[in-house]
Amino acid sequence: MSSEVGLRLPSASPMVHEFLERKNYAKWRIWMKNYLLGQDLWDVIKENQSSGRDGDIDIDTVESKSWKRKNAAALHAIQMSCGSEALSLTMEKDTTAQKAWDALHIKYRSVVTRFEQLAKDKSEDTKDYVQYARFYKALQIGNWEVAEEFINTHPDALSGRIAFFGKTALHAAVDFGHFKIVKELLELMSEETIEITEKNGYTALASSLAAGTVEMAKLMVEKNKKLVTIATKFNLIPVTLAIRYGHIEMARYLYSVTPLEELMPEKGIHGATLLSQCYYFRVMDMARDLLKYCPGLALALNKDGSTLVLNLATIPSAFTSGCKLSFWQQCIYDWIQIKSFSSANHIQLNIDEDDQRRSKSEKIIVYPSQLKRLISNIYNFLGIKKIYKMKLDHEQSLELLRIVCEQIGTLDAKHMSEGLVYDAIFRAAERGISEFIIETSKANPDLLWERDNMFRNLFFSAIRFRQAKVFNLIYGLAWKDEAVSSVDSTNNNMLHVAGELAPFTELNRISGAALQMQRELQWFKEVESIVPTYMQEALNMDHMTPRDLFTENHKDLVKEGERWMKETASSCTVVGALIVTIMFAAAFTVPGGNEDSGYPVFLNRKLFMLFMISDAISLFSSSTSVLMFLGIFTSRYAEEDFLKSLPTKLIIGLSTLFLSIATMMITFCAAMYLTLHGHGQSWIFIPVILLACIPVTLFILLQFPLLVRIFNTTYGSGIFDKGVKRWY
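Heads up, the sequence shown is in numbering that gives the first Met the number 0, so the first residue is 0 and it goes up one at a time.
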């Protein structure tokens, strides 16, 4: 027994066969009631139920000691029979057995009802399905002869529900993918029979979309064109379903046969829903075509209560402002041009060869035909194909946005509110989609000065959610002073908002609490530089200045930043101190030893000078590194220190530590070569050099990116751009 390290929770209690969980409440209720009856404890529950009391019994007012004892015993039995989820419902203060019983009943009765209904439906369905078992099996294995024989003797099988969820023979044939049987069934069925839906409102056409077989869909549509307009109970018509399944070619076909009048806003939500799905799944040509024939769909509500305008303001990655590219990727992005087909003497290389939805105007001119395959492979290897797709998506989204803005420019305030335009522009500010702000403001200048329910303008939202690209637009305003001088309903100005802690989603984009604190200070300083001087000391309704608010909201982040800096400095100090010790000893324990005169044996060798110089550099740089990290330990860790002082010390410490590691490896390799060269052991020098590269490489991979980030955030160009051109 002493070897046991823990106890296994039993699967049942002494009172019932199983602990109470979500699915076994009906059985548990019977078991527990029988147990309480057997123990003469059911009265404490039954009496309250029969008396009509609401269960709010104050135990202190109950004079009967017998009742108290029974209640405690019944409550204990209930609690001992509950699983972890159910137990939490019975642990409230001053609870009674009857309260616990009622709480469990309220929680789980809907589950019981649902399971009972499903069981009832399944039982009823099974009775109907038994008579069609042979027919269903024939459809499953693709045996048309047997299926046809069954239909001849049972004509109702064509319209009967022969499988679970109320599926018909056509549903089953479609699900099993038997093209021939589907064709034969369609010949025998009437148009009304083909329109029969299963329990979720799916016609056979809708069911076929999961497989994406266009030929099968064509058969059904040719038989009954009304199928393309029949929606499921989830309000999805076939063309929209096809897009959601990712079968774009199927969607293109269904769109071509779906009457456009059925997609108009006056006909319901189907057109707006299709338009939104086209945007989400990047089927931009279909979206443009829809807007061309019905511009009003841009502001029509879809089945989710959203509009295309709001969708455009929701996905930052669909626009240039929402993508962060490396220097190399940015160069490729700027180099790529999305051009139209303009010359017959050039081959139009479609970078996305597998996606037939790209039109000729979306192809890029590259090289003559004989180099097509080679260039395509090079594009894939360099990542150009991926970046091309990205830029193409950005261009298409911007084009779609401009089409939508043509509608926004003609609307009054009421229609813009109904079309969620106001919600969209604030959503765009929160998500950092500067293109949306620019285009919509140009279409309707009043939108730029719109305020939310806290009387905050767009730039308040940009500051609150730390969206620098939207905030930078303020430098391109002719009326910048008016924008920065506003206050919200609680008398907070922009600097107060900058004093709030950034959302965790934005903070988590930056590694390390110290760098997060640095970014928060940079935001505060940037906003401080543009607001009027009197606002820097203005009080809000809580009688707090912006600096007071900043200090209050960031005190925990300061502590986390201090801990992060000290942990980083501690680990690096150990490495630096070790290098100091090794390099100091190496300076007096030279390879080959010393002559009788006291001079090193290899003193006149050039490689020996490399040994000594690299040893000295490693010693001095590691000493500097240790001193810098000690300086981090002794810093005061005030808020302002995170802006420049602490990052600078960390930059110097990491840089010198990296230099000391690199020169230490050079020292080691030089010593090995001096010792082994000329003694028949030179072959070992190459693997030694390769092994010596490992620690340097590991440090570069693990720490160098951090060093680069710290340097860029401290001394780089930053995220703010005061050179934005006048755009409004």
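Ideal Cβ positions, reconstructed from N, Cα and C, are used throughout, including at glycine. Predicted model only: the values in this text are computed from it and were never measured.
{"query": "Ala286 Cβ short of 7 angstroms to the ligand NAP heavy atom set", "result": "In the structure on display, the ligand NAP does not appear, and there are no ligands present to speak of."}
{"query": "Secondary structure of Cys293, DSSP reduced to three states", "result": "coil"}
{"query": "First through last residue of the alpha helix (DSSP H) which encompasses Tyr34", "result": "24 to 37"}
{"query": "Helix, strand or coil at Lys724 according to DSSP, with G and I counted as helix", "result": "coil"}
{"query": "C-alpha distance - Asn23 paired with Ser80, whole-angstrom precision", "result": "12 angstroms"}
{"query": "Sequence-distant residues of its chain with Cβ nearer than 7 angstroms to Leu218 (five each side left out)", "result": "Val181, Lys182, Leu185"}
{"query": "Member of Ile424, Trp478, Phe435 whose CA lies at the smallest distance from the CA of Ser460", "result": "Ile424"}
{"query": "Chain-order list of residues whose beta-carbon lies under 7 angstroms from that of Tyr332 (same chain, five-residue window excluded)", "result": "Leu324, Ile386, Lys390"}
{"query": "Length of the line joining the Cα atoms of Ile247 and Val707", "result": "43 angstroms"}
{"query": "Residue burial classification, Leu697 (beta-carbon count within 10 angstroms, cutoff 16)", "result": "exposed"}
{"query": "Identified DSSP bridge partners for Leu298", "result": "Beta-bridge pairing links Leu298 to no other residue."}
{"query": "Opening and closing residue of the alpha helix (DSSP H) in which Arg160 lies", "result": "Where Arg160 is concerned, there is no enclosing alpha helix (DSSP H), given that its DSSP letter is neither H nor E."}
{"query": "Buried versus exposed call for Ile683 [16 or more other C-beta atoms within 10 Å across all chains shown]", "result": "exposed"}
{"query": "Test: Asn443 CB closer than 8 angstroms to a CB of chain B", "result": "In the structure shown, chain B does not exist; there is a single protein chain."}
{"query": "Pairwise C-alpha distance: Gly575 and Lys721", "result": "41 angstroms"}
{"query": "Distance CB(Met283)-CB(Gln395) smaller than 8 angstroms", "result": "yes"}
{"query": "Rounded separation between Leu656 and Thr504 - CA only", "result": "32 angstroms"}
{"query": "Reference Ser730; option with closest CA among Leu40, Glu84, Ser83, Thr89", "result": "With the chain covering only 0 through 727, there is no way to say anything about residue 730."}
{"query": "Residue nearest to Glu398 in terms of C-alpha spacing, selected from Gly382, His269, Glu434, Asn379", "result": "Glu434"}
{"query": "Alpha-carbon to alpha-carbon, Ser620 and Ala691", "result": "19 angstroms"}
{"query": "Limits of the unbroken alpha helix (DSSP H) element including His177", "result": "First-last for His177: undefined, no H or E at that position."}
{"query": "Own chain partners of Arg287 with C-beta closer than 8 angstroms, once the 5 adjacent residues on each side are dropped", "result": "Glu398, Leu399, Ile402"}
{"query": "C-alpha gap between Thr666 and Ser617, whole angstroms", "result": "9 angstroms"}
{"query": "When Leu476, Leu658, Ala513 are compared against Ser644, the one with the closest alpha-carbon", "result": "Ala513"}
{"query": "Neighbour-count burial assignment, Gly245, 16 or more Cβ in a 10 Å radius", "result": "exposed"}
{"query": "Spatial distance of Leu653 from Leu381 (CA atoms)", "result": "32 angstroms"}
{"query": "Alpha-carbon to alpha-carbon, Trp563 and Ala482", "result": "38 angstroms"}
{"query": "Inter-residue Cα distance where the pair is Thr306 and Pro646", "result": "45 angstroms"}
{"query": "Glu551 to Glu499 span [Cα, whole Å]", "result": "9 angstroms"}
{"query": "Length of the line joining the Cα atoms of Lys69 and Gly511", "result": "58 angstroms"}
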